[in-house]
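Undergrad: Sequential numbering of the sequence shown, starting at 24, is according to the working numbering.
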Amino acid sequence: MKFAVNRLDFIKALEPAVKATSGKEMAILGNVLLTAESGKVKLCGYNLSVTVFTSASAAIDEQGAVCVDGQAIAAFLQKCSETNVIADTADKKINIKCGKAKTSLLYAEAEDYPPIEPIPDTAATVTLETDELFGAVKTAGYAAADASPRKVLECINISIDKSGIKLISCDGYRAAVYSKKSDSGIATGKSFGIFKNDIKTVMSIISSDEITLKFTEKHLEFDGGGVSVRTNLSAERYPEIEKQVKKNIEAAGQHVTADSAKLKETLAKIAALPRVSGDVPLRIDISSDKISFLYNFGNGIFTDEIDCKLEGDPFTVGVKTAFLSEMLKAVRGSVTLNCSGAGGAITVSQEDVSQMIMPMRLRK
24 MKFAVNRLDF IKALEPAVKA TSGKEMAILG NVLLTAESGK VKLCGYNLSV
74 TVFTSASAAI DEQGAVCVDG QAIAAFLQKC SETNVIADTA DKKINIKCGK
124 AKTSLLYAEA EDYPPIEPIP DTAATVTLET DELFGAVKTA GYAAADASPR
174 KVLECINISI DKSGIKLISC DGYRAAVYSK KSDSGIATGK SFGIFKNDIK
224 TVMSIISSDE ITLKFTEKHL EFDGGGVSVR TNLSAERYPE IEKQVKKNIE
274 AAGQHVTADS AKLKETLAKI AALPRVSGDV PLRIDISSDK ISFLYNFGNG
324 IFTDEIDCKL EGDPFTVGVK TAFLSEMLKA VRGSVTLNCS GAGGAITVSQ
374 EDVSQMIMPM RLRK
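1) Candidates Ile-181, Gln-378, Ile-117, Cys-90: which alpha carbon is nearest Glu-132's?
2) Assess, as a yes-or-no matter, whether the stretch 284–299 is touched by the stretch 332–343 under the definition of 3 or more beta carbon pairs within less than 8 Å.
3) Short of 6 Å in beta carbon distance, which residues of its chain neighbour Cys-67, apart from the five on each side in sequence? Order them along the chain.
4) What is the residue span of the alpha helix (DSSP H) that Lys-287 lies within?
5) DSSP has Met-383 in a bridge; who is on the other side?
6) Go through its chain and collect everything with a Cβ distance to Gly-122's Cβ below 6 Å, but skip five positions before and after it.
7) Enumerate in chain order the residues of its own chain whose CB-to-CB distance from Asn-180 is below 6 Å, with the five nearest sequence positions on each side excluded.
8) Taking the alpha carbon of Ala-365 as the point to measure from, which residue in Asp-194, Ile-380, Val-149, Pro-137 has its own alpha carbon closest?
9) Any idea which residues DSSP pairs Arg-253 with across the strands?
10) Around the Cβ of Ile-324, are there at least 16 other Cβ atoms within 10 angstroms (buried) or fewer (exposed)?
11) Taking all protein chains shown into account, do 16 or more other C-beta atoms lie within 10 angstroms of the C-beta of Pro-138, making it buried, or fewer, making it exposed?
12) Roughly how many angstroms lie between the CA atoms of Asp-327 and Val-303, to the nearest whole one?
13) Taking just the CA atoms, how far does Ser-372 sit from Ala-199?
14) Using a Cβ-Cβ cut-off of 6 Å (strictly less than) and excluding sequence neighbours within five positions of Asn-322, which residues of its own chain qualify?
15) For Val-358 versus Leu-351, is the C-beta distance shorter than 8 Å?
16) Assuming Ser-45 and Gly-62 form a contact by the criterion Cβ under 8 Å, report the distance between their Cβ atoms to the nearest whole angstrom.
17) Any idea if Gly-164 is buried or exposed, counting beta-carbon neighbours within 10 angstroms, 16 or more meaning buried?
18) Using the three-state DSSP reduction, which class does Tyr-165 fall into: helix, strand or coil?
19) Is Gln-94 near Ile-34, with beta carbons less than 8 Å apart?
20) Name the residue from Leu-31, Ile-309, Asp-84 whose alpha carbon lies nearest to the alpha carbon of Lys-25.
21) With a CB to CB cut of under 6 Å and the five nearest residues on each side skipped, what residues in its chain are close to Thr-254?
22) Would you kindly report the start and end of the unbroken beta strand (DSSP E) that includes Ala-124?
23) Closest by CA to Asp-92, which one among Pro-337, Thr-344, Gly-249, Leu-52?
24) In three-state DSSP terms, what is Glu-155?
25) Could you tell me which of Val-252, Ser-363, Lys-343, Val-354 sits nearest to Ala-275, measuring between CA atoms?
26) Counting only the same chain and skipping the five closest in sequence on each side, list residues whose C-beta sits under 6 Å from that of Ala-88.
27) Which stretch, first to last residue, makes up the alpha helix (DSSP H) that contains Phe-320?
28) Helix, strand or coil, according to DSSP, for Ile-276 in the structure here?
29) So what does Tyr-69 bridge to, in DSSP terms?
30) How many angstroms separate the CA atom of Arg-384 from the CA atom of Phe-316?
31) Please classify Ser-283 as buried or exposed, where buried requires at least 16 neighbouring CB atoms within 10 angstroms.
32) Starting from Gly-390, follow the beta strand (DSSP E) in both directions and report where the run begins and ends.
33) Taking the beta carbon of Lys-65 as the centre, do at least 16 other beta carbons fall within 10 Å, making it buried, or is it exposed?
34) Just the C-alpha distance for Pro-337 and Tyr-318, rounded to the nearest angstrom, thanks.
35) Ordered along the chain, which non-local residues of its own chain (more than five positions away) have a Cβ less than 6 Å from that of His-278?
36) If you reduce the DSSP assignment to three classes, tell me which class Arg-306 lands in.
Now the structure itself:
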């Protein structure tokens, strides 16, 4: 194999592919698959969950394919300044030359790399504004579980139809629903269950103004800016979370209105305290005009209070501090917490997002 390629173009293609490499399950997947053919250097990074496909235009003297340490090659070329790179393989090594600088790295055979291809262009597609999709994930994707016996709860459910986009996440203790009307141009609605960590990888790679979603029954591919990122889809049916959130909002018997900035300030103070082992609930006592906070963090006790307006009877509830903090991240200005006493869910509905967290049992 032998080819010549622009240094910056090569780096630009290498860096996204490297983000999907991981040798934890299979040593070969710690490498990038490099294929030189048809006037391009094609790169593939794969970690059994996410696949990244990139390419750079190149002058191909000899076609071929090898598995290489993409991170090492990119790091080396970042330190070079010359425009062109010449690469060739010999004696089980790939030789990289940029100006007078040269380096050689061992490579693995391409035949050892799992066979994987991009989703064909004949597959169904929908194009969205990247900010719209990624903004929805940042707003409401947080509630998906980091790890769960029910793998579907590690997913963010994304639904797209002719009326707009909807995103739902839930870990069994909290939930978030984002819904925004827009003209997606899709005739038949489609729903995807994509793992939270996988969409985070997609968001770290694609930065184009528009993003095209290409999908099959098992895979979803994100195309943008010359990069394609393919992810696995969950085969499990996503639970009916939206109905549960709506039901709890409508059933709430107490409505607590307060300044969200003041709430966030109190929660930030708690987050700065020494951490304790286990989940210790934050005690919240709500009267007609005050919210009182009490948190026992092991080495001491924290208290604070802020003004509020309560519709309904006074009550006390326990919550997980981190859950309440994350629920309030997207909230601005005055916020109303919809509650159902000590044992009911706490919900917030504002603009395009509705959120819910379950209470924690207070210790006696």
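C-beta atoms are modelled at their ideal positions from N, C-alpha and C, and glycine is treated no differently.
TA: So, from the data block:
1) Here residue 132 refers to the residue found at position 109 when the sequence shown is read from its first residue. Checking every option, the nearest Cα to that of Glu-132 belongs to Cys-90.
2) no
3) Counting from one through the sequence shown, the residue named residue 67 turns up at place 44. Taken in chain order, the residues that qualify are Leu-56, Phe-76.
4) By one-based count along the sequence shown, residue 287 stands at place 264. 283–294 is the span of the alpha helix (DSSP H), which, as asked, contains Lys-287.
5) Your numbering for residue 383 matches position 360 in the sequence shown. The partner list for Met-383 (beta bridge, DSSP) reads Gly-341.
6) In the sequence shown, counting from the first residue as 1, residue 122 sits at position 99. Only Glu-105 meet the Cβ criterion.
7) The sequence position of residue 180 within the sequence shown is 157, counting from 1. Within the same chain, Asn-180 has close Cβ partners Ile-191, Gly-216, Tyr-261.
8) Within the sequence shown, residue 365 is the residue found at index 342, counting from 1. Minimum Cα distance to Ala-365 is reached at Ile-380.
9) Residue mapping note: residue 253 aligns to position 230 of the sequence shown, counting from 1. DSSP, once it has assigned bridges, lists Thr-74, Glu-244 as partnering Arg-253.
10) Residue numbering aside, residue 324 sits at position 301 when the sequence shown is read from its first letter. That one is exposed.
11) Walking along the sequence shown from the start, residue 138 turns up at place 115. Label assigned to Pro-138: exposed.
12) Taking the first residue of the sequence shown as 1, we reach residue 327 at position 304. Taking the first residue of the sequence shown as 1, we reach residue 303 at position 280. Roughly 17 Å between the two C-alpha positions.
13) In the sequence shown, counting from the first residue as 1, residue 199 sits at position 176. In the sequence shown, counting from the first residue as 1, residue 372 sits at position 349. When rounded, the distance between both Cα atoms is 10 Å.
14) Taking the first residue of the sequence shown as position 1, residue 322 is located at position 299. Closer than 6 Å at the Cβ level, and outside the excluded window around Asn-322, lie Pro-297.
15) As a working mapping, residue 358 is identified with position 335 in the sequence shown. As a working mapping, residue 351 is identified with position 328 in the sequence shown. Contact: yes.
16) For the purposes of this step, residue 45 is taken as the residue at position 22 of the sequence shown. For the purposes of this step, residue 62 is taken as the residue at position 39 of the sequence shown. So it is not a contact: roughly 30 Å between Cβ atoms.
17) Reading the sequence shown from its first residue, position 141 is the one you call residue 164. Buried, because 16 or more other Cβ atoms sit within 10 Å of the Cβ of Gly-164.
18) For the purposes of this step, residue 165 is taken as the residue at position 142 of the sequence shown. Tyr-165 falls in the helix class under three-state DSSP.
19) As a working note, residue 94 is residue 71 in the sequence shown. As a working note, residue 34 is residue 11 in the sequence shown. No. Outside cutoff.
20) Mapped onto the sequence shown, residue 25 falls at position 2. Selected option, being the one with the closest Cα: Asp-84.
21) Position 231 of the sequence shown, counted from the start, is the residue given in the question as residue 254. Taken in chain order, the residues that qualify are Val-73, Ile-217, Asp-221, Leu-243.
22) In the sequence shown, residue 124 corresponds to position 101, counting from 1. Here the beta strand (DSSP E) through Ala-124 covers 124–129.
23) The count along the sequence shown starts at 1 and reaches residue 92 at position 69. The candidate whose alpha carbon is nearest that of Asp-92 is Leu-52.
24) Here residue 155 refers to the residue found at position 132 when the sequence shown is read from its first residue. Helix at Glu-155.
25) Counted from its first residue, the sequence shown places residue 275 at position 252. If we check each option's Cα against that of Ala-275, Ser-363 comes out closest.
26) The residue you call residue 88 lines up with position 65 of the sequence shown. Thr-58, Ala-133, listed in sequence order.
27) Within the sequence shown, numbered from 1, the residue matching residue 320 stands at position 297. Counting along the chain, Phe-320 falls outside any alpha helix (DSSP H), and DSSP gives it neither H nor E.
28) Here residue 276 refers to the residue found at position 253 of the sequence shown. Rather than Ile, the amino acid found at residue 276 in this sequence is Gly. It is coil, neither helix nor strand.
29) Here residue 69 is taken as the residue at index 46 of the sequence shown, counted from 1. Looking at the DSSP assignment, Tyr-69 forms a beta bridge with Thr-74.
30) Taking the sequence shown and counting its residues from 1, one reaches residue 384 at position 361. Taking the sequence shown and counting its residues from 1, one reaches residue 316 at position 293. If you take the alpha carbons of Arg-384 and Phe-316, they lie about 15 Å apart.
31) Position 260 of the sequence shown, counted from the start, is the residue given in the question as residue 283. That one is buried.
32) Because the chain spans 24 through 387 in this model, residue 390 falls outside it and cannot be assessed.
33) Taking the sequence shown and counting its residues from 1, the one referred to as residue 65 is at position 42. Under this definition Lys-65 is a buried residue.
34) Counting from 1 along the sequence shown, the entry for residue 337 is found at position 314. Counting from 1 along the sequence shown, the entry for residue 318 is found at position 295. Whole-angstrom Cα-Cα distance: 19 Å.
35) Taking the sequence shown and counting its residues from 1, the one referred to as residue 278 is at position 255. Same-chain partners within the cutoff: Glu-334, Thr-359, Asn-361.
36) Residue numbering aside, residue 306 sits at position 283 when the sequence shown is read from its first letter. Correct three-state label for Arg-306: strand.
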